[in-house]
Each structure stands twice: as C-alpha cells, then as structure tokens.
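**Q** Handing you this structure, nothing more for now.
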Amino acid sequence: MTDNPPPFRDPGLPPDERVDDLLARLTADERVALLHQFTPAVERLGVAAFRTGQEALHGVAWMGPATVFPQAVGLGATWNDELVRRIGEAVGTEARAMRTRDDRVGLNLWAPTVNLLRHPLWGRNEEGYAEDPHLTSALAVAYTRGLRGDHPRRWRTAPVLKHWLAHNNETHRDTSNSSVRPRVLHEYDLRAFRAAVEAGSVAGVMPAYNLVNGRPNHVSPYLREQLRRWTDEELLVCSDAGAPSNLVDSEEYFDTHEEAVAAALVAGVDSFTDHGTDTKVVVGRLQRALASGLLSMPDVDAAVRRQLSVRLRLGEFDPDGGPYADASPDDIDTPAHQGLAREAAEQAVVLLKNDGGLLPLAEGARVAVVGLLADECKTDWYSGTPIRRSSVLDGLRERFGADRVTFAEGVDRVRLRCGAAGWVRVVPGTDAGERADAGERADAGERAGGAVGALDPALLAGRTDLPPLMVCEDPSDATEFALADWGGGVLTLRAADGRYLSVAEDGYVRASADRPGGWVVQETFGLVEHGDGYLIEHAGTGGYVSVAAGAVKVAAREEILLGGDSLPEGRGSVFTVEVLERGEDAVARAAADADVVVVVAGNDPHINGRETQDRTTLALPPHQERLRRAAHLANPRTVLALTSSYPYAVAEADAELPALLWTAHGGQAAGTALARILAGDVSPGGRLPQTWYAADTDLPDLLDYDIIGSRQTYLYGEDRPLYPFGHGLSYSTFAYGGLEATRDGELIRVAFTVTNTGAVAADEVAQLYVRAPQDAAAGLVLPHRRLVAHRRTHLAAGAAHRTTFELPVSELAFWDVRHDRWAVAPGAYELLVGASSEDVRLTASVEVDGQPIAARPVRREGLAANGYDAQQGTEIVDRTKVAGDAVRSLDGGVGELRFRSCDFGSGVGVVSVEVAGEGAVDLIAGSTATTVTVPATGGVYEYAHHGAVFAVSGVRDLRVLLRGAVRLARITFMADDEGQGDEGQGDDGRSGGGAA
C-alpha cells in the first residue's frame, strides 16, 4: 500500500468520480486482471487484493467458528421478516469481525439463495426460503438489509443473490434447460429477485449453472433486460464456480473459451469464478478475446467499474476503512447472537398436527427420545462451524432431567465377516484427532478457489495417519458397528467409539470421521447382494470394499479378490452382515417404558438430497419408517418430530400418530429449541414455506418448470396436499374479525383484528391472499390464490391486535402475453385472510378498474411462439446465442401450442412462419387448417410459407402443431395481397433478426 493515498481515496469526491478516477489510473492489463474472482493488488495505486465470494447462507461458512443459524428453509418457516433482518445483521457483523483477524474472509457475501422451492425433490431445497415469490422476496429483502447495514452510503457487507435464474434441479444441472414461458418468468422466477434489488440492499447476483430457454444463464439477456433496469446502482454479477468453462466443456454452447468469456462479459458477468486461485487461465482467455476483437476495452471497463463501485461502498477506498471498519474480533457467537440463534430455531418449528392435546408434554413425564437424529445436531454444506451444538436429547434432558429421559438411537448393531479372511475390527487405541468438519471446511475452501488456505489441503483426502480396519479370526474381537440406512441404498457404519468408517485417498477404510461430510462424502456405503452375502460399495469412489493382506480397503481395478467367490476384477470381497440387534427392537423397549415417545427422524444434509444430488422420493427412508412404527406399536402416545431439509410424504404417519412437528436443521440451538417447543415453554408458531404433498404421484417432473401448465405449487395445484402452504398449528387458538377492505386510488387497505382466544401466549402468522376475478381473465389460468402480505405477531392470552396491510393495485397484475405487458384485469378481487393458504377465516372483495383483457392483435403484430396460453410436449429454446426465443417439440415428436383469442381482424389469407430446423408446422383455427413444410435451414431462421393459404377472420383460438426438429420463433399473418410473390421472406430470405 502507498503511504500517500492518491486522489481517488478522497471521501469528499462524489462516488462516481472516485470510481472513474481510479479506473482511469489502471492499465489495460490491470483492468483485465480484476475480472477474475481473485483480483491481485495494484500496489502502485494502493489498491489491495480482493476476492469475490464468501458463503454466508445462514452464518459465515468455512472460515472458522461462527454462529450457526437455522437453514434458510427454516428461516423461511419463521415467516418473520424482522427476525431474519436481525440474523442478517449478526451474520454481517461476524463476517466483519472474522476479517479483522483473517483478511481472506470476504465481504462480498454470496447469500441469500432466492431460488423458489418449486419442487420438493430439489437437492438444495434447504438453501431457499419458500415456494412463493412474495415470501421469498420479503425474507431476501430482510436478510440483505441486515447484511448491508443501515448506513446510507457505506455497506457492512455486499450481498449477492443466488442463483439467477429458474434453477431447481441438480440432475444434469449444468446442461438441463429450464423452459420458462413469459408468464412464469415475470410472475414467478423474476419476482423472487426483484424486490431485494429495488430495495437497494443487494450488490449483485450469481447466475446459475443451468440453461433457461435454451441459453446458459451466464450469457442471459435478462441480466441487462431485467436485472440492471431495476436499479441505478452498479450491480456486480459473479459467475458460479467453473461455470464459464462449462460454456464450452459441458454445455458446448461455444466453440472456444475466448468466445465464451467474451459473450459472458458482454451479457453482464463481471467476475469469473473459474480455475480456483489460478488467475492465468481466465485472464489469458480474456486477453486473447480482446486481441481477436471478440471484446472491447469498454466492455472490460464496464465490468471493472461495477467491481470498484462495490469495493467503494464497502469502505475499502476510505482512509479510515469506512464506518464498519471498527468491528471487533470478539463479535463472534456473542451471547446476543446465541440468543438470536435459539430464537430463530424456536420460531422455525412447525406444528403439523396435535390431536388429543399430547403436546405440550406434561411436567414430570417420562420421555423416550428415539431415532437416528435424536442425538444429532446436523450441519449442512453451507453451514458455518458451530462452537456449540445441542441435540433434542440434550435439550430434553436439560429440560426434564436426565433421569426422566431415555434414549434409543435405533441403529442396527452388526458385525462384518469377509469369508475365510475373518471378522472386521477397528484397531484399538487410535485417536481421531482433528474433527471431520475441519476436512469439510478445507474441502469447501478448495472448491471455492482456495478461500480457506490456512487449512491443510491433505485433509481433503481424509486421515491417513490412522491404521486401517483389519480382519481377525476370533468373532469376539470383531467390532460391533452401528449401521444406519439413510434410504436410497445409502448407509453409514460407525464404530463403538463414535467414529464413522471413511475412505482416505490411499483407499484404506478407517474409523476416522466424526460425521459424514465433505464435497465428496467418503463415509457412505451401499450393500449389493451377491450370492449369500454382499458386496460393499463405497459411494464416494464407486469402488468396492475388499480385504487385502489383512487390511480393509476399496479395491483398485487390478486387485485380486480374496473373498472366496470369483468376481469381476475390482469388484471387491464378499461380506456377510451379522445383525446383533435391530434398531426397532431397541426403540420398542425404550418406548414401552415411557409416558410419551418422541421419534426424531429426517435427513443428514450431506446424504440423500444436497448440492449435486436431487432426491428420488418424498418417502421417509424405510429404516426410519420401521423405527416410527415400532415406537407407535409399543406406545400409542408417540410424537414424530421431523428434522429435515425438505418435506416428506408422511400420510400414513399423519393418519396414525396424534402429533407431528417439522423443523429444518436448526443450527447450533436446534435441540434446545425443539425441546422448549415440546415442553410448552414456547408455543410453536412456524408455518410451512412450501406445500407438503401426500405422495410422489402428486409431483410433476423435476425438470418441468411450467408451474402453470403442470399445476405446481399452491398457486396452481389441484390435488389436495398433505399439509398446505402456510400451514402451522399452535398451543393456543386465534380468532379473526373486523375485516375492512377499501380502495383509495392505487392503494388497497386491508385491516382486521386477530385475538388470542387461548390460555397461553403465542405467535400467529396472519396471511393475506388475493384471488383475481376469473370471469375477467378471458380464459387465462390464474392462481387459485396468491400471497400478497403476511405478518407474524406475538399475542398474550386474551390479547388482540389490529393488523393493517397496504397493497398497491399494481400487485394484482399478471403478465399479459397477448400484449407483452403487465395488466390488471378489471373486476371484483377477493381478499382472503387466514392462517394458511387453505385456512381462510375472513373474505372481502374490492372492485378494481383495470384494463379489459383484449384479444391478441395478430394480424398487425403476429405471434411470438413463446407467447402461448397453453402447451403440451414442447420447450422454449434460444433463437440466437444473444437474444430471442423459439419453441420446439420435445425429442423431435409432436408438440402443441395454443393461443387463445387471436384477433384476425377483417381477415387474413396467407401465413408465414419464422423457423429453423426441419419438419412441419400445422396451424388450426376452428375448421381452417394449413401446413407449412420446413426444409432443412442449417440453423438459420427463415420466413417461409410456400403458398400456405390460411383464410381466417375475427377472434379465434389458434392451435399450432410442431412436427419434427422444427424450431418456431414467430408466426406472421397477412392479407392475400400482402403475401404475393415473396414467399413470405425478407429481402434475403431470412428474418430481420431481433428477439421473437
């Protein structure tokens, strides 16, 4: 750093001038170097090195001990904006505090995730807030305001929203296409991002790995057409890790990496997260793109300016570091933050069912706590490192006394034998040493580009300083393992000392891990039947466990089997599994001796549903179903407490058990919080942030993003869910009354009174939904109801609160594809007030003078293919790599588009289609039909009609069938005299370009 700061550091200059001054001082090479995630220092100007990206989804992650709050979906379940704002403030404060002792801690925070929880099988369900755009955006605004701070010009941290756009699947996540029709795009996916950007609390966004409408998100035109039009602030767009290379390597969207980085930069990506800390690869690509004319320096300058603007707002260029520079290293896991973590964990608990008043637990009750998660406090991939943990068992023992609480984990107790080689044993006298979560953090840092360089990279491969498992002849020397089956054929094995079997880089199996974890989990296995025994497959490597020279390891392909049977090379040894005790037997014993049983079931966030891995079913894993049934059979007073990152289909449990609860993994205070809820010290007030379905058959395809066409989420769903969006019970009761709804110009005011009619203090979450007048929708499918406001209120017993909401009329709008604009249909809108999306207590209506939904003026304007009202068997794809949409049939079959209320005026006689590919387009309006045959175009969009007569007049519905590999961008209708002699083409036989 220089001793005499240059003029750009003068805080008296306007921000734009300071940024422009610095930008002008940078050389071309220095500017290009700033485009990588790890930007080097420019010492001659006193500019420090900088790194974009610090994970902080529900606490500062991967950089050492920090306060760990509930998972994001758990924060969504609180429905409490103010609470989430305070959590954001705590997380931002801890990020600043950690930076005071380690300057590798970044202040550009990659959080929160605002992808909507459209599909509950998404592996990263835990990272989002809700399936609803209103609730998601409200919580995103709250969290980012806390992270940003309240100073008008300087920011505590610079939050970046993830992941732009329409991203809800891990299956083929970097090559799958999210087909998002305009209505879904505007009414659903974009809404989740927009409010936080407009609130001025967001520094930027991160594009997702997937494609949207055939185009990778990292070259999305929506970055400039939507995102950057929502604010006058400079927004920083940071690529996801490795995504720039994906544009060529996996997606094959561009032929060269130079084309790819140039296209991404021009589209709006400002920082390239690629090739870890090695800047040379990306910088070299950018320099070659400049040299070849794919990029210009103004393109580079625009991106660099956005980066410098964010750094300026963080106070980096102020002599004193800005108002947040005085953070103390002691501001981590403070008593206030600990209390906030417990408050959040308590507010996140949702009471799903409570028949017969089993809950809260009676004072002095003898409680059996059972299940695979009863004595666990799980963290997830984006968790911080907790200084303290509490399990449900810990919480109940603390609350009721250790002598009143019994415990049965419910694992199967087993021994393993490998044929004549002997019994598997853990060599005694070893010490696990460092905790496995250090390895998780090192692994995370490696993936993030070396962000955690202080941790030993050798931890990435697991412990190699401990002896591997061995075999012995005497069964009395064999180790008894705790086997937990997590479903989907995935199990863990734990030794008697609590350490999990894990596989290190050298291939040997050791009892060395405190818990499953890491980017590639090395602690999970599967049993594959073979003859009278099993092959043990290691999930992390895909190899099979074998015994060689008395040691247990994962078989390399060239190794010979010693298990007795002749098996294919590299397939491992054959083992027998001797079950010493079934988990359900231990659970039944504990349950029978208790007054009440609490079965704690759910998932390990590193297993079966996580980043890179979607779930395959909503069902509770069979092992945990066995435990639940055994507990209930032994004691009908059984409570099921689900602790999970996502919903389960537990219809059978709901029918059989008197009480069920759900909470996301609740962070460091999870167990204490759930115990306080169970004991009645706190009344549950959480509400479901997404629909809980009754069965897998209620779900659409994971890759179907058309929530309107496939009737997804509470907005459009037609099947009765197990538990609806917004559902949650209380230990108290609430009455709603005194509803008043008035319209004052462009504002609708809604007021009502909520009264706690029960005997205990409790929280109620009042929810306001709106339903559009269906008769004014002109045949459009509109939501059954849509959340537009909510408020969580704490009420003493007998207390009442007058709740008021103000709703702009513009909030009633939908995207009118017929005219490419927002529109408010006229008529009487229903206002629905209640305790969930289906528990409506009060209704009123308000008359709105909107715009009648007019027919499509197709004769004058034609039809964009993506502007359909309904479709079947199609997907939206890119028209060009830069902009525009087209539609094609799935797998080259027959797809159908339907356009309602097309106004052909006094009549048309000829139709032309803007198409690429090869196939045919059929157009049908009533009894009038024509077919346009499309010869191979070589990928170039051309207008063609080839004498296609289409005589239609008036307002008609239009059906369009796509046959074969044709890609339709636009349909144009002409009178007879308009279409003569030119075959419907432009001057050169091609379209005039532009977006469809």
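Under this note's numbering, the first residue of the sequence shown is numbered 1064, with each subsequent residue one higher.
Don't be surprised by glycine CBs; every beta carbon is placed ideally from N, CA and C.
Just so you know, these numbers come straight off a predicted model, no measurement behind them.
Can you give the Cα-Cα distance for E1781 and D1759, rounded to whole angstroms?
**A** So the alpha carbons of these two residues sit roughly 15 Å apart.
**Q** If distances are taken between C-alpha atoms only, which option among Y1779, T1234, L1248 and V1534 comes closest to D1883?
**A** Of the candidates Y1779, T1234, L1248 and V1534, the one whose C-alpha sits nearest the C-alpha of D1883 is L1248.
**Q** Please identify the residue among A1891, L1843, A1863 and H1847 whose C-alpha is closest to the C-alpha of D1879.
**A** Closest option to D1879, Cα to Cα, is L1843.
**Q** Contact check, V1940 vs R2030 under 8 Å by CB: the rounded distance?
**A** Indeed they touch by this definition, with Cβ atoms about 6 Å apart.
**Q** Taking its Cβ as the centre, do 16 or more other Cβ atoms sit within 10 Å of R1164, making it buried, or is it exposed?
**A** Per the 10 Å Cβ criterion, exposed.
**Q** For R1923, count neighbouring Cβ atoms within 10 angstroms of its own Cβ and tell me buried if that reaches 16, exposed if not.
**A** Answer is exposed; the Cβ neighbour count stays below 16.
**Q** Work out the CA separation of E1938 and S1242 for me, nearest whole Å.
**A** Between S1242 and E1938, the C-alpha separation is close to 5 Å.
**Q** What residue from V1474, L1456 and F1544 has the CA that sits closest to R1488's CA?
**A** Of V1474, L1456 and F1544, the residue nearest in Cα terms is F1544.
**Q** Per DSSP, what kind of secondary structure is T1805 in: helix, strand or coil?
**A** Of the three classes helix, strand and coil, the one that applies to T1805 here is strand, per DSSP.
**Q** Using a Cβ-Cβ cut-off of 6 Å (strictly less than) and excluding sequence neighbours within five positions of R1208, which residues of its own chain qualify?
**A** R1148 and S1264.
**Q** Determine, using beta-carbon pairs with one atom in the segment 1370-1382 and one in the segment 1143-1157, whether at least three such pairs fall under 8 Å.
**A** Contact between the segment 1370-1382 and the segment 1143-1157 is absent, because fewer than three Cβ pairs lie under 8 Å.
**Q** To the nearest whole angstrom, what separates the beta carbons of S1575 and L1546, a pair I think is in contact under 8 Å?
**A** At roughly 17 Å, the Cβ-Cβ gap does not stay under 8 Å, so S1575 and L1546 are not in contact.
**Q** Checking the sheet assignment: what are the DSSP bridge partners for P1279?
**A** L1274.
**Q** Per DSSP, A2007 is paired with what?
**A** For A2007, which the question treats as bridged, DSSP gives the partners V1976.
**Q** Buried or exposed: which applies to P1215, given that a residue is buried once 16 or more other Cβ atoms fall within 10 Å of its Cβ?
**A** So P1215 ends up on the exposed side.
**Q** Straight-line CA distance for S2098 to P1668?
**A** Because residue 2098 is not part of the residues shown, which for the chain are 1064 to 2059, the question remains open.
**Q** With a threshold of 8 Å on Cβ separation, who are the neighbours of D1540 within its own chain once the five nearest residues in sequence on each side are excluded?
**A** W1486 and R1488, listed in sequence order.
**Q** Does the Cβ-Cβ distance between R1211 and T1199 come in under 8 Å?
**A** Not closer than 8 Å, so no.
**Q** My understanding is that T1726 touches L1741, with C-beta atoms under 8 Å, so please give their C-beta distance in whole angstroms.
**A** 11 Å between Cβ atoms; not a contact.
**Q** Applying the 10 Å Cβ sphere with the 16-neighbour rule, what's the burial state of L1778?
**A** With 16 or more Cβ atoms within 10 Å of its Cβ, L1778 is classed as buried.
**Q** Run through DSSP, which three-state label would M2037 get?
**A** Residue state, collapsed to three classes: strand.
**Q** Need the endpoints of the alpha helix (DSSP H) that V1984 sits in, please.
**A** Where V1984 is concerned, there is no enclosing alpha helix (DSSP H), although the beta strand (DSSP E) it sits in stretches over G1982 to A1988.
**Q** At a Cβ threshold of 8 Å, is D1443 touching chain C?
**A** Annotation note: the requested chain C is absent from the structure, which comprises a single protein chain.
**Q** Identify which residue in L1435, E1080 and A1979 has its Cα closest to the Cα of G2002.
**A** Nearest of L1435, E1080 and A1979 to G2002, Cα basis: A1979.
**Q** Identify whether K1416 lies in helix, strand or coil by the three-state DSSP scheme.
**A** K1416 falls in the strand class under three-state DSSP.
**Q** Should S1355 go down as buried or exposed, given a rule of 16 or more other Cβ atoms within 10 Å for buried?
**A** When all chains shown are included, S1355 counts as exposed.
**Q** Does the segment 1901-1911 come into contact with the segment 1949-1956, if we say contact requires no fewer than three beta-carbon pairs (one atom in each stretch) closer than 8 Å?
**A** With the cut-off at 8 Å, the segment 1901-1911 and the segment 1949-1956 do not touch.
**Q** Between V1662 and A1694, which are expected to be in contact by the criterion C-beta below 8 Å, what is the C-beta distance as a whole number of angstroms?
**A** Correct: roughly 5 Å between the Cβ atoms.
**Q** List, from N- to C-terminal side, the beta strand (DSSP E) runs of 3 residues or more that fit wholly inside the segment 1195-1276.
**A** Counting whole runs of 3 or more residues, the segment 1195-1276 contains the beta strand (DSSP E) stretches 1221-1227 and 1267-1270.
**Q** When burial is assigned at 16 or more other CB atoms within 10 Å of the CB, is G1331 buried or exposed?
**A** Result: buried.
**Q** What are the start and end residues of the beta strand (DSSP E) that includes E1644?
**A** Where E1644 is concerned, the enclosing beta strand (DSSP E) stretches over V1637 to E1644.
**Q** Between H1099 and L1085, what straight-line distance do the alpha-carbon atoms span, to the nearest angstrom?
**A** The straight-line gap from Cα to Cα measures roughly 18 Å.
**Q** Tell me the start and end of each unbroken beta strand (DSSP E) in the segment 1346-1430 that is at least 3 residues and wholly inside, in chain order.
**A** Listed in chain order, the complete beta strand (DSSP E) runs (minimum 3 residues) inside the segment 1346-1430 are 1413-1417.
**Q** So who's on the other strand from L1870, going by DSSP bridges?
**A** Paired residue(s): I1811.
**Q** According to DSSP, simplified to helix, strand and coil, what is T1319?
**A** Coil, per DSSP.
**Q** Taking all protein chains shown into account, decide if A1352 is buried (16 or more other Cβ within 10 angstroms of its Cβ) or exposed.
**A** By the neighbour-count rule (16 or more Cβ atoms within 10 Å), A1352 is buried.
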